[in-house]
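Going by my numbering, the first residue of the sequence shown is number 38, and it counts up by one from there. Glycine included, each C-beta is placed from N, C-alpha and C at the ideal position. Note sheet for the following structure.
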Amino acid sequence: MQIATMYFKDRAQVKLNDELLQYNLKKSKGKFVGKRAEAIRELDDFEGTRTAAREIRQRVLDNLDTYLEIFEQNATARGATVLWAETPEEANRHVLDIAAKHQLKKAIKSKSMVSEESALDHAIEQAGLKVVETDLGEYILQINDYEPPSHIIAPALHKSKEEVSALFAKVHGTPPKTGIQELCGEARAVLREHYLTGDLGISGANFLIAETGSVMLVTNEGNATLCTTLPKVHVVITGIEKIVPTLEEASTLLRLLTRSATGQSITNYVDILTGIKGAGEYHGAEHMYFILVDSGRTRVLASEVREALRCIRCGACLNHCPVYQNIGGHSYGWVYPGPIGSVITPMFIGQEMAVDLPNASTLCGACGVVCPVRIPLPELLRKHREAQVKEDLRPWVERLGLKGWTWLALHPGLYGLATRIGVRLMKMMGGYEGRIHKLPLVGGWSDGRDLPAPTGKTFRELYAAKRRSA
Ligand code: SF4
Numbered sequence: 038m039q040i041a042t043m044y045f046k047d048r049a050q051v052k053l054n055d056e057l058l059q060y061n062l063k064k065s066k067g068k069f070v071g072k073r074a075e076a077i078r079e080l081d082d083f084e085g086t087r088t089a090a091r092e093i094r095q096r097v098l099d100n101l102d103t104y105l106e107i108f109e110q111n112a113t114a115r116g117a118t119v120l121w122a123e124t125p126e127e128a129n130r131h132v133l134d135i136a137a138k139h140q141l142k143k144a145i146k147s148k149s150m151v152s153e154e155s156a157l158d159h160a161i162e163q164a165g166l167k168v169v170e171t172d173l174g175e176y177i178l179q180i181n182d183y184e185p186p187s188h189i190i191a192p193a194l195h196k197s198k199e200e201v202s203a204l205f206a207k208v209h210g211t212p213p214k215t216g217i218q219e220l221c222g223e224a225r226a227v228l229r230e231h232y233l234t235g236d237l238g239i240s241g242a243n244f245l246i247a248e249t250g251s252v253m254l255v256t257n258e259g260n261a262t263l264c265t266t267l268p269k270v271h272v273v274i275t276g277i278e279k280i281v282p283t284l285e286e287a288s289t290l291l292r293l294l295t296r297s298a299t300g301q302s303i304t305n306y307v308d309i310l311t312g313i314k315g316a317g318e319y320h321g322a323e324h325m326y327f328i329l330v331d332s333g334r335t336r337v338l339a340s341e342v343r344e345a346l347r348c349i350r351c352g353a354c355l356n357h358c359p360v361y362q363n364i365g366g367h368s369y370g371w372v373y374p375g376p377i378g379s380v381i382t383p384m385f386i387g388q389e390m391a392v393d394l395p396n397a398s399t400l401c402g403a404c405g406v407v408c409p410v411r412i413p414l415p416e417l418l419r420k421h422r423e424a425q426v427k428e429d430l431r432p433w434v435e436r437l438g439l440k441g442w443t444w445l446a447l448h449p450g451l452y453g454l455a456t457r458i459g460v461r462l463m464k465m466m467g468g469y470e471g472r473i474h475k476l477p478l479v480g481g482w483s484d485g486r487d488l489p490a491p492t493g494k495t496f497r498e499l500y501a502a503k504r505r506s507a
């Protein structure tokens with residue numbers, strides 16, 4: 038996927054002024070947040086399950102090489118082939134080699150964020166093959182000239198049904214439809230033809246089960262089932278961190294994944310696919326490949342933000358993030374938006390390419406509170422910010438400001454004097470309204486909102502006065 042992270046601020050500004058997007062984002066926010074809150078109440082011990090999930094994912098990361106080897110052995114024993122890809126390009130090459138080896142012409146794909154990292158669809162088309170996205174959201178984006186996804190579980194969340202209706206009418210040449218059911222029916226009819234003619238099925242993986250060499254796929258549309266069982270070749274393309282030791286542990290994670298993602302106790306379909314079709318079996322692929330992609334993951338594993346690899350891509354941190362809720366996913370400029378994206382994107386594409394992302398957070402903590410595998414996202418964002426200051430990646434004004442603040446903080450008397458002057462000046466700036474409309478140096482904060490003027494007293498002065506009166 039093309040990198041546009043360096044345009045974060047400009048894009049965010051455009052999205053903030055986009056009334057239709059704002060309306061669509063508001064609608065989805067209520068849906069995801071409310072449904073998750075209801076769904077987690079069903080669990081007797083939600084916090085205990087989160088702790089168990091954290092432990093499972095962390096154990097995997099601490100022993101990743103061992104679990105990957107176990108997975109490879111068990112998948113191979115069931116007739117699958119495991120291939121490794123260090124880079125996105127290598128992953129794409131594997132897919133094209135497989136297609137050439139089996140003389141495949143048409144790929145039908147269920148959702149895979151890793152394939153977004155490597156722009157797999159474009160690589161397939163450039164090689165002269167056809168590729169069709171079958172997840173409804175991904176299909177909508179594909180026929181809209183390969184628009185990038187804006188959410189990790191609901192890729193077309195930024196679109197209204199009216200926009201989808203107009204797009205279907207244009208691309209399918211059918212009369213515009215108004216109901217969601219009708220639109221789904223139209224997509225189903227179009228996709229059915231592709232399911233029956235595709236010879237290469239490509240999927241991602243929600244989890245890879247080490248003890249059985251299986252892939253677990255969690256969907257609501259059933260498209261993954263069709264993509265992986267109808268074509269003669271099935272390719273799973275996923276990151277190396279998606280391993281889970283046992284089926285039982287995968288079921289623990291599943292209980293949290295669906296509830297955190299869509300607020301469902303369980304999704305409509307959960308496929309567990311193990312090996313190739315056996316003798317006498319009717320369904321399943323004759324050839325099965327796993328392409329396990331590193332593409333920066335071992336770099337994350339060796340870094341201070343390694344806990345981010347526990348992520349099970351539920352999207353809850355996006356849904357609860359006040360920044361994501363207002364600017365949507367496209368502003369972030371790469372595959373993974375929201376808080377988790379702001380942590381992992383700098384590791385995948387380079388800190389200097391994604392300087393604004395770790396700063397696109399109020400550090401309110403909501404992402405860390407909802408994360409089902411207890412990734413301390415605010416803390417990891419702060420680690421990136423520290424790294425950026427150390428590497429001189431922040432603007433000189435900010436660095437100078439931080440140096441000045443550090444110096445002042447080390448001289449409490451002067452600090453007290455400076456803050457006393459500061460709050461009095463700010464009180465004056467607030468005027469009779471008591472609101473500051475424009476702040477020098479931090480225009481980004483005051484451009485879109487007023488700041489209530491302080492009372493003219495510092496915290497220390499107020500605290501001392503309170504103690505005296507007590
Ligand atoms: S970081 Fe946590 S909340 Fe965000 S997508 Fe990953 S698992 Fe879900």
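Sequence-distant residues of the same chain with beta carbon closer than 7 Å to residue i, five excluded per side
| i | result |
| --- | --- |
| Val510 | Nothing about residue 510 can be reported from this structure: the residues present for the chain run from 38 to 507 only. |
| Lys198 | Ile217 and Leu220 |
| Lys420 | Glu341 and Val342 |
| Thr124 | Ser332 |
| Ile177 | Ala193, Lys196, Val201 and Leu204 |
| Lys72 | Thr299 and Gly300 |
| Pro268 | Ile145, Gly235, Asp236, Leu237, Gly238 and Ala322 |
| Leu346 | Leu98, Glu278, Arg334, Val337 and Leu338 |
| Met463 | Ile473, Ala490 and Pro491 |
Nonlocal neighbours in the same chain, by C-beta distance under 8 Å from residue i, ignoring five residues either side
| i | result |
| --- | --- |
| Ser187 | Ala193, Leu194, His195, Gly365, Gly366, His367 and Pro374 |
| Gln388 | His421, Ala424, Gln425, Glu428 and Leu430 |
Exposed unless 16 or more other CB atoms sit within 10 angstroms - verdict on residue i
| i | result |
| --- | --- |
| Cys401 | exposed |
| Lys146 | buried |
| Met384 | buried |
| Met38 | buried |
| Thr331 | Reading off the sequence shown, one finds Asp at residue 331, where the question assumed Thr. Buried, by the Cβ-count rule. |
| Gln20 | Outside the modelled stretch of the chain, which goes from 38 to 507, sits residue 20, for which no answer is possible. |
| Gln179 | buried |
| Phe496 | exposed |
| Glu175 | buried |
| Val406 | exposed |
| Met465 | exposed |
| Tyr369 | buried |
| His131 | buried |
| Asn305 | exposed |
| Asp102 | exposed |
| Leu454 | exposed |
| Leu418 | buried |
| His271 | buried |
| Ile458 | exposed |
| Lys36 | Outside the displayed range of the chain (38 to 507) lies residue 36, so it cannot be described from this structure. |
| Glu470 | exposed |
Assigned secondary structure, residue i (DSSP; H/G/I helix, E/B strand, else coil)
| i | result |
| --- | --- |
| Ile473 | strand |
| Trp121 | strand |
| Ala502 | helix |
| Glu170 | strand |
| Lys16 | Absent from the model: residue 16. The displayed extent of the chain is 38 to 507, so no value can be given. |
| His195 | coil |
| His320 | coil |
| Val97 | helix |
| His271 | strand |
| Met465 | helix |
| Leu245 | strand |
| Asp308 | strand |
| Met43 | helix |
| Leu329 | strand |
| Pro449 | helix |
| Gly250 | coil |
| Gly480 | helix |
| Leu430 | coil |
| Leu414 | helix |
| Thr256 | strand |
| Ile239 | strand |
| Leu80 | coil |
| Gly276 | strand |
Close-in-space but distant-in-sequence residues of the same chain around residue i (CB under 6 Å, 5 per side omitted)
| i | result |
| --- | --- |
| Leu488 | Ile473 |
| Leu133 | Ala164 |
| Arg350 | Ile189 |
| Ala49 | Ile364 and Ser368 |
| Pro371 | Pro is not the amino acid found at residue 371; the sequence shown has Trp there. Ile40, Thr42 and Thr382, listed in sequence order. |
So does the segment 253 to 264 actually touch the segment 281 to 296, counting three or more Cβ pairs closer than 8 Å?
-> As far as the Cβ criterion goes, the segment 253 to 264 touches the segment 281 to 296, which means the pair count is three or higher.
Using 8 Å as the Cβ pair cut-off and three pairs as the minimum, do the segment 85 to 94 and the segment 283 to 290 touch?
-> Yes, since at least three Cβ pairs between the segment 85 to 94 and the segment 283 to 290 fall closer than 8 Å, the two stretches touch.
Cβ contact check for the segment 230 to 238 and the segment 262 to 271: 3 or more pairs under 8 Å | Short answer: they touch.
Are three or more beta carbon pairs between the segment 236 to 250 and the segment 107 to 116 nearer than 8 Å?
-> With the cut-off at 8 Å, the segment 236 to 250 and the segment 107 to 116 touch.
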